[in-house]
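To start, the structure itself, in structure tokens.
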Amino acid sequence: MRFGSHVSIQEGYLGAAKQANALNASAFQYFPKNPRSLSVKEYNQEDAIQCQTFCVQNELLSIAHTPYPTTLTPTDEKKKQMVIASLLNDLEIAELCGSLGVVVHFGKQVFRSDQLASYRLMIEVLNEVLGRWEGKCKILIENLAGKPGTMGTTFEELVRIRELSDYADKIGFCFDTCHAFASGLWDGDNWEVLYEKGVELGYINYLEAVHLNNSKYESGSGKDRHANIFGPGHISENQFEELLGSELFSEIPFILETPKEHVPHKKEIQQLKEKWGS
């Protein structure tokens, strides 16, 4: 199993990879630029290439995560063009770093009078970005943590958005365990049924990464509050074990986004390896 965590790029992209290696991780996630800005970053290409080389030498897999303001359902043309430029910038950086993909959250409902309009806008934004992108790095759409029935919380939606894009081959998925639990998609006891549905719909075939997070709140709460894997979270070790036992997950990176002030990521990665590493 490939376990890792989100790491900082304060010391550059190579520094991020070295930080992950020092955590004894076999995978990591990073923000390609300021996580609070959509500005296009002028970055050190040599640093990114060195990151890729280091990852190859040390058998590290990586994914990038878009900045917080990134949305696939921008509400005006100015924001839309900023998101498109920012996403292309993220993809370019991640490609040079050798990353599998760039994680972006599923869009949110922004048109009250037309429920399908937000889905159409998502497809439009994805097409505009991916129509201009020629690299191997993919956009990885992440499921949301909303209340049951809200946008972006089901496999059906994620698969359909990918299918309706003109560039489906450039889109994959990132599954967040806390988000799935919070939305009621995964209640902790329905993993076998959920997995079979994922295979049937084609979701599992395009799953590239997992955000491995426990939840501070019960399933169906709609609250996106992460907890450590081993601790007082509402997802039990047995429930995680059922998920982690799925055969197709052996080479997929599992990335912690858990509170490191409670349990340092190095310790939590070691706990994961001892429990489910083989």
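Per numbering that gives the first Met the number 0, the very first residue in the sequence shown carries number 0; after that it's consecutive. The beta-carbon is built from N, C-alpha and C at its ideal position, and this holds for glycine as well.
- Task: Count the other C-beta atoms from every protein chain shown that fall within 10 angstroms of the C-beta of H261, then say buried if there are 16 or more, exposed otherwise.
- Result: exposed
- What are the complete alpha helix (DSSP H) segments, minimum 4 residues, inside the stretch 98-153? 116-129
- Task: Please report the residue range of the alpha helix (DSSP H) in which Q28 lies.
- Result: That residue, Q28, is in no alpha helix (DSSP H); its beta strand (DSSP E) goes A26 to Y29.
- Spatial distance of D165 from G221 (CA atoms): 31 angstroms
- Item | Span of the beta strand (DSSP E), counted from its first residue to its last, around D175 | I170 to D175
- Query: Can you give the Cα-Cα distance for Y42 and A93, rounded to whole angstroms?
  - Reply: 11 angstroms
- Task: Name, in chain order, the residues that DSSP records as bridge partners for I62.
- Result: Q28
- What residue does the beta strand (DSSP E) around G292 start on, and which one ends it? The displayed coordinates of the chain run from 0 to 277. Any statement about residue 292 would go beyond what the structure contains.
- A201 to W185, Cα distance in whole Å? What sits at residue 201 in the sequence shown is Gly, not Ala. Whole-angstrom Cα-Cα distance: 17 angstroms.
- Message: On the DSSP bridge list, what partners appear for F53?
- Response: F53 pairs with nothing; no bridge assigned.
- Item | Other residues of its chain near T72: CB distance less than 7 angstroms, five sequence neighbours each side excluded | G106, K107, V109, S117, L120 and M121
- Message: Closer than 8 angstroms is the cut-off here; do at least three beta carbon pairs connect the stretch 59-79 with the stretch 96-104?
- Response: yes
- Quick one, are the C-beta atoms of S235 and G187 less than 8 angstroms apart? yes
- Roughly how far, in whole angstroms, is the beta-carbon of Y194 from the beta-carbon of S112, given that I think they are within contact range, below 8 angstroms? Rounded, the Cβ-Cβ distance is 37 angstroms, inconsistent with contact.
- Going by other Cβ atoms of all chains shown within 10 Å of its Cβ, with 16 needed for buried, is V55 buried or exposed? exposed
- Beta-ladder partner(s) of I254, from DSSP: G3 and H210
- Query: Are there 16 or more other CB atoms within 10 angstroms of the CB of V209, so buried, or fewer, so exposed?
  - Reply: buried
- Message: Quick check: S218 and G171, are their CB atoms within less than 8 angstroms of each other?
- Response: no
- Item | Beta-carbon proximity of I251 to R1, cut-off 8 angstroms | yes
- Item | 8 angstroms contact criterion, which K290 and L129 should meet: CB distance rounded | Missing from the structure shown is residue 290; the chain here goes from 0 to 277 and no further.
- Message: Between which residues of its own chain and I228 is the CB-CB distance below 6 angstroms, once the five residues before and five after are set aside?
- Response: N213
- From Q18, T69 and K135, residue whose alpha carbon lies closest to that of E141: T69
- Query: With distances taken between CB atoms, is the gap from A26 to V6 smaller than 8 angstroms?
  - Reply: no
- So is T52 buried or exposed if we call it buried at 16+ other beta carbons inside 10 Å? exposed
- Go ahead and pull the three-state DSSP assignment for H225. strand
- Query: Who are the Cβ neighbours of L163 in its own chain at under 7 angstroms, not counting the five residues just before and after it?
  - Reply: I122
- Query: Does the Cβ-Cβ distance between H264 and L22 come in under 8 angstroms?
  - Reply: yes
- Message: Is it buried or exposed, V158, if we count other Cβ atoms within 10 angstroms and call 16 or more buried?
- Response: buried
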